[in-house]
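Enquirer:
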Amino acid sequence: MDNKDVLKQLTLEEKCSLVVGKDAWRTKNIDRLNIPSLFMADGPHGLRKVVDDSSIHDLAVTAVCYPSLVTLASSFDCKLAGLMGESIAKEFKAAGVDLILGPGINIKRHPYCGRNFEYFSEDPYVTTQMAKGYIKGAKKQGVGVCLKHYALNSQETYRMSSNSIADDRAKYEIYYKAFQELVKLDPEMVMSSYNYIDDTYASENFKHLQTILRDEFGFDGVIVSDWSAVNKRVDALIASLDLEMPGVIYSIHDLIKKIKKNDKIEKYLDASVLRILDMISKFSGKIQKTVSLDDNHLNAITVAKESMVLLKNEDNILPIKPNEKVLLVGEMAELVRYQGGGSSHINPYKIDSIRETFVKHKCVSFSKGYNSKDLSNDQVLIDELKTLAPNFDKIIVVCGLTDEFESEGYDRIHLEIPKNQQFVINQLANLNDNIVLVLQIGSPIVMPYLPKVKGVLNCYLGGEGLGKALESVVFGKTNPSGRLAETFPMNHSSIPSNPYFAKGNRNVFYQESIFVGYRFYQTVNQEVLFPFGYGLSYTHFEYSNMQVSHPILINQYINVSIDITNNGPMDGKEVVLLFFENKKPNIPRPIRELIAFDKIMIKNGETKTVTFKVNADMFKYYHPELKQFITDDGVYHLQFCKSARDILIEKPVTVNRGTLYKDSIWNKINSYNPAKGLRFDTKDFEQLINRPVLNQTIKYKRPFTINNSFEDMQDVWLGRVIYKMFLNRAKKEAKNQDDQFVNMMMASIKTQPIRTLAILSDGAIGINTAIGLVELINGHIFKAIKYLLKRD
Ligand code: BGC
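Taking this note's numbering, I'd label the letters of the sequence shown as residues 1036 to 1827.
See the structure below:
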């Protein structure tokens, strides 16, 4: 039966139950019409299928934990992304799960974002291309995907209540871009984010969802809320948010009541139900297949190997040569940090620890060096290092950010690794000249000790196969070929968004606009620790003979090619990066933007030609007054670069399509002028966003609503008391959970809206109880009693 006919047969109650989840992970089944449930799970680094479907936080089944998306992005290898997407999808399929809640395609605005490890890059093009690979891989297995989190969701601080405000160029060129491109692949779902956008929750923002995502970008799949992100269900429905997750019975009743009162809403309900039915039909009747977790474990190792970024290699300290005596140092070599905390946390199949893998080599000994839980210097461990370190040819010290430092649910507050680890690095440097630092991090760090170490190998978060992958790179079986998909800044104050990032509990102004990551550092010629695109190899590549098939671009594609020679000493893979630059743009533009990349294997002594197809549309920008992407006529330099900082070879092409430039507000705001150092004056920004920049912190007063948090209520005695009761209860409930989960939970309880706390409490507190408690804090005793007596 056609879904339009199915729709006609559904009662109002059934339709309302379809647009609200059945439980934490499934859509509602309606057996009388043979409508099955659709099953979804996190995503994006492996299968996180919780054992009890009705619970959000329950333990997950065992699955292979792949490297995080930040790691995958550093491979700059779209086929590898396909391998990872496909392997994960196989596990989903075998577990009977239809859809991956991922990939996360938010743009990294600031290295502090606690969830950066779950996102690909600071660059929308890399994000798009790598996500494309992942999605195509998943789709090969007939498993659905969900792009998340739409959009302007670049910080965890107050992630459920902050209000993102950006100008149109920033939105279209940076934060919407990957969504706009990737909806062309027909992802089954897009997840709306928790935050407000321009004063309206993303999940009920008509302009954001219906006008932009659907009408402009052409998305006709299902829009799902982030978990508990729905505030007013009817408004969300009208904005075209189809599915509220997780399911809350309260929402179904609310919808039924409101639609009975106003039948004009039913057409929105019907549109959503139809989209959900169409999605469910895609998956019903699909056969479950078996999967080999051992094979997938090997795939996880492959992804990790191909993604490691060699940041320093003085005197070719790596790879380790035969018979060299190596001291492996660091607790993180034993308790490896192979994944980040939060909803992407996988219950791993088997972990290849670095210590276990390395000490199988006779030449390797281990010393713990520091503790990860207690961050003070451990003198006994330091003394051991003092005895051991001088007797080894090389020291490999494994360090990084521990779970407490970064996670979903909170942001970082500085760029350093734990002080006790830094102390160990500095101590080792006094004892031995040959030190290699191996990093396990989810986001950039600063390295004041960099001059004291000869080698730095960044594994990011390498998945459960990290130990074996690292062994392969360190001992020279794999030549490292990863590149940074984000900039490592010199310090926090040089980060363009730093003055505006996570500054208060309300408005988040994206005042740096389009100048995110390398787009900023290049344009103002700001020194960085490691630029976007940076990464070394054990071999050398030489670029020559750049060719452009036609110097004038009208509407055709031209070929842009380059010869690359591997001139020794071993085979290796090279990431080829093509940027463009308009040296005299009509409108302020970043110096250099990436438009193409590829990764190729070149044997020692071999030369390969890499060709990219280029057309004028690839140079486009969003014109805020014309409200569309355009490419101005002019001269564009095509640049093959080693990183965003280092041009290897460039050639100009001219776009000549007769486009007449129309002046923009961007030509009138001096502080957004690259020649004047990009100072982002607030008055100028106000012109870009066409509204005043107001205070970023708000002191909330009674009467509170369920959209307030306990933090907002701290001035009221009862608010403090109920908060403490909540904390105690949560601690008790969480006693069987792992530390990283408890960290995340404790960090969020205070600042999360009471509404979302209730929905995410796995049934511990119903929404009416939550309203009742808020009314109690407001001093509205009768109202409070009314709600507290209601059944949830
Ligand atoms: C996260 C989503 C995730 C969802 C379900 C939310 O808190 O933001 O990324 O898919 O939970 O676990």
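Positions of the beta carbon are idealized from the N, C-alpha and C atoms, including for glycine. Remember, predicted model here, so these are calculated numbers, not experimental data.
If we ignore side chains and look at the alpha-carbon of each, how far apart do PHE1576 and ASN1639 end up?
Expert: By one-based count along the sequence shown, residue 1576 stands at place 541. By one-based count along the sequence shown, residue 1639 stands at place 604. Looking at the two C-alpha atoms, the distance is approximately 10 Å.
Enquirer: Check this for me: beta carbons of GLY1607 and ASN1514, under 8 Å apart or not?
Expert: Along the sequence shown, one-based indexing puts residue 1607 at 572. Along the sequence shown, one-based indexing puts residue 1514 at 479. Yes, the pair counts as a contact, with Cβ atoms nearer than the cut-off.
Enquirer: Is it the case that the Cβ atoms of ILE1784 and LEU1808 are separated by a distance below 8 Å?
Expert: In the sequence shown, counting from the first residue as 1, residue 1784 sits at position 749. In the sequence shown, counting from the first residue as 1, residue 1808 sits at position 773. Not in contact: ILE1784 and LEU1808 (Cβ atoms no closer than 8 Å).
Enquirer: Taking buried to mean at least 16 other C-beta atoms within 10 Å of its own C-beta, is PRO1357 buried or exposed?
Expert: Counting from one through the sequence shown, the residue named residue 1357 turns up at place 322. Exposed.
Enquirer: Please go through the same chain and pick out, in chain order, the residues whose beta-carbon is closer than 8 Å to the beta-carbon of ASN1406, but skip the five residues on each side of it.
Expert: In the sequence shown, counting from the first residue as 1, residue 1406 sits at position 371. Closer than 8 Å at Cβ, skipping near neighbours: GLU1366, ASP1413, LEU1416, ASN1455.
Enquirer: Could you spell out where the alpha helix (DSSP H) holding ASP1289 opens and where it closes?
Expert: As a first step, residue 1289 is located in the sequence shown; it is residue number 254 there, counting from the start. Its alpha helix (DSSP H) spans residues 1284–1296.
Enquirer: Please find out if some non-hydrogen atom of the ligand BGC comes closer than 7 Å to the beta-carbon of HIS1243.
Expert: By 1-based counting over the sequence shown, the position of residue 1243 is 208. Not under cutoff, so the answer is no.
Enquirer: ASN1493 to LEU1272, Cα distance in whole Å?
Expert: The count along the sequence shown starts at 1 and reaches residue 1493 at position 458. The count along the sequence shown starts at 1 and reaches residue 1272 at position 237. Distance between the alpha carbons of ASN1493 and LEU1272: 45 Å.
Enquirer: So for PRO1383, helix, strand or coil by DSSP?
Expert: Counting from 1 along the sequence shown, the entry for residue 1383 is found at position 348. In this structure, PRO1383 counts as strand in the three-state DSSP scheme.
Enquirer: Identify the continuous alpha helix (DSSP H) that holds GLN1164 and give its terminal residues.
Expert: Within the sequence shown, numbered from 1, the residue matching residue 1164 stands at position 129. Element bounds for GLN1164: 1159–1175.
Enquirer: Find the nearest neighbour of LYS1408 within the set LYS1219, GLU1439, ASP1330, judged by alpha-carbon distance.
Expert: Here the question's residue 1408 lines up with position 373 in the sequence shown. Of LYS1219, GLU1439, ASP1330, the residue nearest in Cα terms is GLU1439.
Enquirer: Would you call ASN1151 buried or exposed, if buried means 16 or more other Cβ atoms sit within 10 Å of its Cβ?
Expert: Taking the sequence shown and counting its residues from 1, the one referred to as residue 1151 is at position 116. Flag for ASN1151 reads buried.
Enquirer: Compute the Euclidean distance between the alpha carbons of PHE1647 and THR1162, then round it to the nearest angstrom.
Expert: Within the sequence shown, residue 1647 is the residue found at index 612, counting from 1. Within the sequence shown, residue 1162 is the residue found at index 127, counting from 1. Between PHE1647 and THR1162, the C-alpha separation is close to 18 Å.
Enquirer: Quick check on this structure: which residue in PHE1615, LEU1474, THR1062 has the alpha carbon closest to the alpha carbon of ILE1287?
Expert: As a first step, residue 1287 must be located in the sequence shown, where it is residue number 252. Of PHE1615, LEU1474, THR1062, the residue nearest in Cα terms is THR1062.
Enquirer: Using only CA atoms, which one of ASN1705, SER1699, LYS1619, ILE1630 lies nearest to ASP1668?
Expert: Position 633 of the sequence shown, counting from 1, holds the residue named residue 1668. For ASP1668, the nearest C-alpha among the options comes from LYS1619.
Enquirer: Which ranges would you report for the beta strand (DSSP E) in the segment 1649–1722 if only whole runs of at least 3 residues count?
Expert: Here the runs fully enclosed are 1656–1658, 1663–1665, 1669–1676, 1682–1690.
Enquirer: From which residue to which residue does the alpha helix (DSSP H) around THR1804 run?
Expert: To locate residue 1804, count along the sequence shown from 1; it is residue 769. Taken as a continuous stretch (DSSP letters only), the alpha helix (DSSP H) holding THR1804 covers 1802–1813.
Enquirer: Any contact of the segment 1231–1241 with the segment 1703–1710, i.e. 3+ C-beta pairs under 8 Å?
Expert: Contact fails: fewer than three Cβ-Cβ distances are below 8 Å.
Enquirer: Please confirm whether CYS1148 and GLU1208 have their CB atoms less than 8 Å apart.
Expert: Position 113 of the sequence shown, counted from the first residue, corresponds to residue 1148. Position 173 of the sequence shown, counted from the first residue, corresponds to residue 1208. Not closer than 8 Å, so no.
Enquirer: Distance check for LYS1825 and ASP1270, CA to CA, integer angstroms please.
Expert: On the sequence shown, residue 1270 is found 235 positions in, with the first residue counted as 1. On the sequence shown, residue 1825 is found 790 positions in, with the first residue counted as 1. When rounded, the distance between both Cα atoms is 24 Å.
Enquirer: Roughly how many angstroms lie between the CA atoms of ILE1315 and GLU1048, to the nearest whole one?
Expert: On the sequence shown, residue 1315 is found 280 positions in, with the first residue counted as 1. On the sequence shown, residue 1048 is found 13 positions in, with the first residue counted as 1. Roughly 18 Å separates the two Cα atoms.
Enquirer: Would you decide whether ASN1590 is buried or exposed? Buried here means 16 or more other CB atoms lie within 10 Å of its CB.
Expert: Here the question's residue 1590 lines up with position 555 in the sequence shown. Classification for ASN1590: exposed.
Enquirer: Could you tell me if ARG1692 is buried or exposed, where buried requires 16 or more neighbouring beta carbons within 10 angstroms of its beta carbon?
Expert: On the sequence shown, position 657 is the one that residue 1692 refers to. Exposed, because fewer than 16 other Cβ atoms sit within 10 Å of the Cβ of ARG1692.
Enquirer: Alpha carbon to alpha carbon, how far is SER1103 from ASP1077?
Expert: Residue mapping note: residue 1103 aligns to position 68 of the sequence shown, counting from 1. Residue mapping note: residue 1077 aligns to position 42 of the sequence shown, counting from 1. For SER1103 and ASP1077, the distance between alpha carbons rounds to 13 Å.
Enquirer: Any heavy atom of the ligand BGC inside 7 Å of the beta-carbon of LYS1183?
Expert: Here residue 1183 corresponds to residue number 148 of the sequence shown, with the count starting at 1. Because some heavy atom of the ligand BGC lies under 7 Å away, the Cβ of LYS1183 counts as near it: yes.
Enquirer: GLY1712 to LEU1485, Cα distance in whole Å?
Expert: Here the question's residue 1712 lines up with position 677 in the sequence shown. Here the question's residue 1485 lines up with position 450 in the sequence shown. For GLY1712 and LEU1485, the distance between alpha carbons rounds to 28 Å.
Enquirer: Measuring alpha carbon to alpha carbon, tell me which residue in GLU1301, TYR1445, MET1482 is nearest LEU1042.
Expert: Taking the sequence shown and counting its residues from 1, one reaches residue 1042 at position 7. Among GLU1301, TYR1445, MET1482, the Cα nearest to that of LEU1042 belongs to GLU1301.
Enquirer: Which one or two residues does DSSP pair with VAL1488 in a beta bridge?
Expert: Position 453 of the sequence shown, counting from 1, holds the residue named residue 1488. Looking at the DSSP assignment, VAL1488 forms no beta bridge with any residue, so it has no partner.
Enquirer: Leaving out five residues on either side along the sequence, give the residues of the same chain with a beta carbon under 7 Å from the beta carbon of CYS1676.
Expert: Taking the first residue of the sequence shown as position 1, residue 1676 is located at position 641. Taken in chain order, the residues that qualify are GLY1568, LEU1612, PHE1614, ILE1682, LEU1683.
Enquirer: Are the beta-carbon atoms of ASN1813 and PHE1720 separated by less than 8 Å?
Expert: If you number the sequence shown from 1, residue 1813 lands on position 778. If you number the sequence shown from 1, residue 1720 lands on position 685. Going by C-beta atoms, ASN1813 is not nearer than 8 Å to PHE1720.
Enquirer: Would DSSP call LEU1118 helix, strand or coil?
Expert: By one-based count along the sequence shown, residue 1118 stands at place 83. Three-state result, LEU1118: helix.
Enquirer: Would you mind sorting ILE1247 into buried or exposed? The rule is 16 or more other CB atoms within 10 Å of its CB.
Expert: Residue 1247 sits at position 212 when you count from the first residue of the sequence shown. Under this definition ILE1247 is a buried residue.
Enquirer: Report the three-state DSSP secondary structure of GLY1081 (helix, strand or coil).
Expert: Within the sequence shown, numbered from 1, the residue matching residue 1081 stands at position 46. It is coil, neither helix nor strand.
Enquirer: Any chance you could list the beta strand (DSSP E) runs of at least 3 consecutive residues sitting entirely within the segment 1585–1626, in chain order?
Expert: DSSP runs (the beta strand (DSSP E)) wholly in the segment 1585–1626: 1593–1601, 1607–1616.
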